[in-house]
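Working notes, structure below.
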Amino acid sequence: MNLIGRHPSTNQIARYFDYEHLPAHLQAISKPCHDLAEQMIAALPDGPELTTGLRKLLEAKDCFVRAALDKS
1 MNLIGRHPST NQIARYFDYE HLPAHLQAIS KPCHDLAEQM IAALPDGPEL TTGLRKLLEA
61 KDCFVRAALD KS
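Using this note's numbering, you'd call the opening residue of the sequence shown number 1 and step up by one each time.
Right, here's the structure in full:
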């Protein structure tokens with residue numbers, strides 16, 4: 001994810017979309033959220049709406065991962 005020159009709040013939240021550290025079955029759940037976050041960061045300017053959108057996407061990703069853990 002290219003974060004060069006981005007606002008600190010964008011940089012700070014973007015790191016939580018990393019998924020490589022997860023087991024393979026959870027990577028499959030987390031990666032689409034990472035990819036969408038990456039697309040939005042590339043397409044939109046920094047600002048409160050981007051930060052809020054990323055935070056809500058992060059909350060959704062966390063819910064999806066927990067749901068996958070419950071399934072295991």
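The C-beta atom is built at its ideal place from N, Cα and C for all residues, glycine as well. These figures come from a predicted structure and were not determined experimentally.
Looking only at 7, 26, 4, the smallest Cα-Cα distance to residue 69 is reached by 26. Pairing residue 36 with residue 72, the inter-Cα distance amounts to about 25 Å. Residue 12 and residue 46 have their alpha carbons spaced roughly 12 Å apart.
Taking residue 41 as the centre and dropping the five residues before and after it, the same chain places no C-beta closer than 6 Å to its C-beta. Sequence-distant partners of residue 3 (beyond 5 residues in either direction) whose C-beta falls short of 8 Å from its own C-beta, in its chain, are 10, 11, 14, 41. Residue 22 and residue 5 have their C-alpha atoms spaced approximately 28 Å apart. Contact check for residue 57 against residue 50 fails: the beta carbons are separated by 7 Å or more.
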